[in-house]
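A.B. asks: Quick note, the sequences are listed as chains A and B, same order.
Using the numbering used here, you'd call the opening residue of the first sequence number 1 and step up by one each time.
Using the numbering used here, you'd call the opening residue of the second sequence number 1 and step up by one each time.
I'd like to ask some things about the structure below.
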Amino acid sequence: MSGTALDAAFFVRWMTAAAAAIDREAERLTELDSAIGDADHGTNMQRGFAAVVKMVEAEPPATPGAVLTAAGRQLISSVGGASGPLYGTLLRRTGKALGDAAQVSAEELRAGLGAGVDAVGKLGGSAPGDKTMLDALVPAVAGLATSFEAAAGAAEEGARSTVPMLAKKGRASYLGERSIGHQDPGATSSALLFAALAEVAR
Amino acid sequence: MRMLINVPETVVGDALRGMAAAHPELVVDAENRVVVRRDAPVTEKVALVSGGGSGHEPLHAGFVGPGMLDAACPGEVFTSPVPDQMVRAAAAVDSGRGVLFVVKNYTGDVLNFQMAAELAEDEGIQVASVLVDDDVAVTDSTFTAGRRGTGATLFVEKIAGAAAEEGMPLERVEAVARQVVRSSRSFGVALSACTTPAKGSPTFDLPAGELELGVGIHGEPGRERRPMMTSREIADFALDAVLEDLEPRLPVLVLVNGMGATPLLELYGFSAEVRRVLDERKVAVARTLVGNYVTSLDMAGCSVTLCQVDGELLRLWDAPVQTAGLRWGR
Numbered sequence: 001m002s003g004t005a006l007d008a009a010f011f012v013r014w015m016t017a018a019a020a021a022i023d024r025e026a027e028r029l030t031e032l033d034s035a036i037g038d039a040d041h042g043t044n045m046q047r048g049f050a051a052v053v054k055m056v057e058a059e060p061p062a063t064p065g066a067v068l069t070a071a072g073r074q075l076i077s078s079v080g081g082a083s084g085p086l087y088g089t090l091l092r093r094t095g096k097a098l099g100d101a102a103q104v105s106a107e108e109l110r111a112g113l114g115a116g117v118d119a120v121g122k123l124g125g126s127a128p129g130d131k132t133m134l135d136a137l138v139p140a141v142a143g144l145a146t147s148f149e150a151a152a153g154a155a156e157e158g159a160r161s162t163v164p165m166l167a168k169k170g171r172a173s174y175l176g177e178r179s180i181g182h183q184d185p186g187a188t189s190s191a192l193l194f195a196a197l198a199e200v201a202r
Numbered sequence: 001m002r003m004l005i006n007v008p009e010t011v012v013g014d015a016l017r018g019m020a021a022a023h024p025e026l027v028v029d030a031e032n033r034v035v036v037r038r039d040a041p042v043t044e045k046v047a048l049v050s051g052g053g054s055g056h057e058p059l060h061a062g063f064v065g066p067g068m069l070d071a072a073c074p075g076e077v078f079t080s081p082v083p084d085q086m087v088r089a090a091a092a093v094d095s096g097r098g099v100l101f102v103v104k105n106y107t108g109d110v111l112n113f114q115m116a117a118e119l120a121e122d123e124g125i126q127v128a129s130v131l132v133d134d135d136v137a138v139t140d141s142t143f144t145a146g147r148r149g150t151g152a153t154l155f156v157e158k159i160a161g162a163a164a165e166e167g168m169p170l171e172r173v174e175a176v177a178r179q180v181v182r183s184s185r186s187f188g189v190a191l192s193a194c195t196t197p198a199k200g201s202p203t204f205d206l207p208a209g210e211l212e213l214g215v216g217i218h219g220e221p222g223r224e225r226r227p228m229m230t231s232r233e234i235a236d237f238a239l240d241a242v243l244e245d246l247e248p249r250l251p252v253l254v255l256v257n258g259m260g261a262t263p264l265l266e267l268y269g270f271s272a273e274v275r276r277v278l279d280e281r282k283v284a285v286a287r288t289l290v291g292n293y294v295t296s297l298d299m300a301g302c303s304v305t306l307c308q309v310d311g312e313l314l315r316l317w318d319a320p321v322q323t324a325g326l327r328w329g330r
């Protein structure tokens with residue numbers, strides 16, 4: 001992977017692109033969530049990322065770490081449900097791992113996201129294969145070792161791989177066998193996050 | 001689907017403004033989504049805070065008042081509130097004797113209340129939490145999110161609320177709440193799906209002439225689907241499930257709860273069938289409450305909750321309560 005230095009403005013663009021992607025796909029996320037959840041994932045993520053964009057545009061944080069830490073805190077304060085704490089923790093822990101450097105390398109971002117994804121697994125008590133966000137996030141972080149495009153592709157593939165899985169966590173787990181055959185909404189929105197990252201890195 | 005709303009985005013805020021207009025005994029902060037009893041913090045009293053997604057009214061805001069909750073945090077429809085709301089509520093009601101969070105067992109509620117407890121403790125507020133997980137329709141195992149919190153939430157909030165009102169310390173109020181959780185089991189059925197305002201169409205597809213056994217309060221499908229059954233058959237099925245898990249040796253409190261769109265006429269008829277089964281099974285009934293208390297928007301259907309009570313729990317249940325949704329005594 002190239003040694004491009006990523007600055008705070010890059011991370012603000014990432015959050016903005018993520019918000020736009022979630023806006024575009026909100027209806028689909030809600031549709032997926034109505035099959036195995038309670039039909040609000042799109043709306044909740046839209047509300048959260050809109051708040052993130054508003055915040056980073058009003059007061060752009062100075063470092064990559066600060067952008068993600070503030071974005072995570074904003075998601076925790078505005079999303080609710082399980083997604084708020086989980087996505088909030090992902091970004092906050094990643095941001096903390098990036099420290100206060102003015103610029104970070106792609107490799108540093110990969111390591112930071114690795115810490116963030118670990119924190120999500122701990123908080124939710126879940127592992128890959130449980131039909132959750134992690135099924136997109138874990139392969140995405142691995143893909144980052146190659147390129148942003150590879151990460152986005154791995155996340156998308158990871159999200160699709162949840163279709164035949166049996167849900168073991170969250171509200172979908174109440175469905176048992178009936179959760180099989182549906183793509184996980186959380187894994188799907190996680191893939192959007194990485195698609196947005198690839199988009200701003202292009 | 002026709003709904004008595006303006007736009008879906010403002011449903012929760014509009015309802016809170018309505019609560020404020022109807023209940024001057026409550027302080028309703030519609031912007032920050034916190035409902036607090038007006039005389040809070042009550043000197044020398046442990047405070048109870050609960051909250052959860054909206055759509056289950058009168059739970060939880062309707063249970064704020066003397067003898068029950070000190071504050072409630074309503075989230076978006078079927079979405080857990082955020083930690084900021086819970087911390088704000090805790091700070092508003094803490095008298096210095098600590099706060100008990102009453103949390104229904106859903107991943108979102110658990111995570112947000114957990115974060116809120118940490119933040120509140122950072123602010124010097126002593127917090128204990130009790131998790132309500134009474135729904136026997138869900139297998140309780142390490143491979144699922146565990147049992148859902150449903151009807152027993154009302155028992156926990158009422159009984160622990162009375163314990164706090166009597167001046168018990170936080171550890172005792174928490175212990176009483178845990179005893180209620182341990183002693184309670186629920187089972188619900190849906191005769192129709194519910195419709196969230198944001199989506200505007202039913203959250204699941206229940207063909208005409210069928211019912212969903214073991215449904216959750218967000219329209220989550222349950223154990224199985226069957227051709228429509230009679231009230232008698234539903235009572236037999238639901239209580240079989242409950243009594244398989246709870247073998248009461250003491251008298252029980254019975255909650256026959258409507259999901260939102262089932263008339264009281266039907267609920268009372270169902271309540272008669274519930275009593276018949278309990279008589280047949282030699283379970284003594286201490287008190288029965290019939291009505292719409294832990295609802296699921298416009299879902300048709302009902303749930304039945306039993307709570308086994310000793311003398312102390314029964315005394316606390318009978319203690320006066322003055323809230324929008326539950327009111328007796330004094």
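For each residue, glycine too, the CB sits at the ideal point set by N, CA and C.
Could one say the Cβ of A:T69 lies closer than 9 Å to chain B's Cβ atoms, at least one of them?
C.D. replies: Between A:T69 and chain B, the shortest Cβ-Cβ separation is not below 9 Å.
A.B. asks: Measure the alpha-carbon distance for A:Y174 versus A:E27 and round it to whole angstroms.
C.D. replies: 23 Å
A.B. asks: From B:V176 to B:A160, what does the alpha carbon distance come to, in whole angstroms?
C.D. replies: 6 Å
A.B. asks: How big is the Cα-Cα spacing for B:M229 and B:G216?
C.D. replies: 18 Å
A.B. asks: Decide if the region 91-108 of chain B is in contact with the region 39-49 of chain B; the criterion is three or more beta carbon pairs, one per stretch, under 8 Å apart.
C.D. replies: yes
A.B. asks: Could you give the distance in angstroms between the alpha-carbon of B:E312 and the alpha-carbon of B:M68?
C.D. replies: 16 Å
A.B. asks: Between which two residues does the alpha helix (DSSP H) harbouring A:V200 extend?
C.D. replies: For A:V200, the enclosing alpha helix (DSSP H) stretches over residues 185-201.
A.B. asks: According to DSSP, what are the bridge partners of B:L26?
C.D. replies: B:R37
A.B. asks: Using a Cβ-Cβ cut-off of less than 8 Å, give me the residues of the region 73-84 of chain B that come near chain A, in sequence order.
C.D. replies: Taking 8 Å as the Cβ-Cβ cut-off against chain A, the residues of the region 73-84 of chain B that qualify are G75, E76, V77, F78, T79, S80, P81, V82, P83, D84.
A.B. asks: Closest by CA to A:D33, which one among A:T132, A:A66, A:L86?
C.D. replies: A:T132
A.B. asks: Quick one: does B:Q114 have its CB under 9 Å from some CB of chain A?
C.D. replies: It does: the Cβ of B:Q114 has a partner Cβ on chain A nearer than 9 Å.
A.B. asks: Nearest by alpha-carbon distance to B:W328: which of B:L264, B:V277, B:K158, B:P197 is it?
C.D. replies: Cα-wise, what sits closest to B:W328 is B:K158.
A.B. asks: Whose C-beta lies closer than 6 Å to the C-beta of A:L197 among residues of the same chain, with five residues either side of it excluded?
C.D. replies: W14, F148
A.B. asks: Note the first and the last residue of the continuous alpha helix (DSSP H) segment covering B:V277.
C.D. replies: 264-280
A.B. asks: Return no unless some Cβ of chain A is closer than 9 Å to the Cβ of B:L59.
C.D. replies: no
A.B. asks: Please report how far the alpha carbon of B:N32 lies from the alpha carbon of B:D205, in whole angstroms.
C.D. replies: 34 Å
A.B. asks: Please report whether the beta-carbon of A:P185 lies at a distance below 9 Å from any beta-carbon of chain B.
C.D. replies: no
A.B. asks: Can you list, in chain order, the residues of its chain with a C-beta nearer than 8 Å to that of A:P164? Leave out the 5 residues immediately preceding and following it.
C.D. replies: I180, G181
A.B. asks: Helix or strand or just coil, what does DSSP make of B:K199?
C.D. replies: coil
A.B. asks: Give the DSSP bridge partners of A:A26, in chain order.
C.D. replies: Bridge partners of A:A26: none, in fact.
A.B. asks: Within the continuous beta strand (DSSP E) that includes B:R225, where are the two ends?
C.D. replies: Where B:R225 is concerned, the enclosing beta strand (DSSP E) stretches over 224-227.
A.B. asks: Counting only C-beta atoms, is B:F270 closer than 9 Å to chain A at any point?
C.D. replies: For B:F270, no Cβ of chain A is located within less than 9 Å of the residue's own Cβ.
A.B. asks: Between which two residues does the alpha helix (DSSP H) carrying A:N44 extend?
C.D. replies: For A:N44, the enclosing alpha helix (DSSP H) begins and ends at 41-58.
A.B. asks: Below 8 Å, can you find three or more Cβ-Cβ pairs linking the region 246-256 of chain B to the region 279-287 of chain B?
C.D. replies: By the criterion of at least three beta-carbon pairs nearer than 8 Å, the region 246-256 of chain B is in contact with the region 279-287 of chain B.
A.B. asks: Tell me, which residues are paired with A:S161 by DSSP?
C.D. replies: Note: A:S161 sits in no beta bridge, so no partner.
A.B. asks: Comparing C-alpha positions only, which one of A:G143, A:V200, A:R202, A:E156 sits nearest to A:D184?
C.D. replies: A:E156
A.B. asks: Starting from the Cα of B:G301, find the closest Cα among B:L213, B:P227, B:V130 and give me that residue.
C.D. replies: The shortest C-alpha to C-alpha distance from B:G301 to any of B:L213, B:P227, B:V130 is the one to B:L213.
A.B. asks: Just to confirm the assignment: which complete alpha helix (DSSP H) runs, minimum length 4, are found wholly within the region 135-213 of chain B?
C.D. replies: 152-165, 170-182
A.B. asks: Please list, in chain order, the chain A residues whose beta carbon lies closer than 8 Å to that of B:P332.
C.D. replies: Nothing about residue 332 of chain B can be reported from this structure: the residues present for chain B run from 1 to 330 only.
A.B. asks: Using the C-alpha atoms, what's the distance from B:A261 back to B:G200?
C.D. replies: Computed Cα separation, rounded: 16 Å.
A.B. asks: Closer than 9 Å, CB to CB, is B:V138 near chain A or not?
C.D. replies: yes
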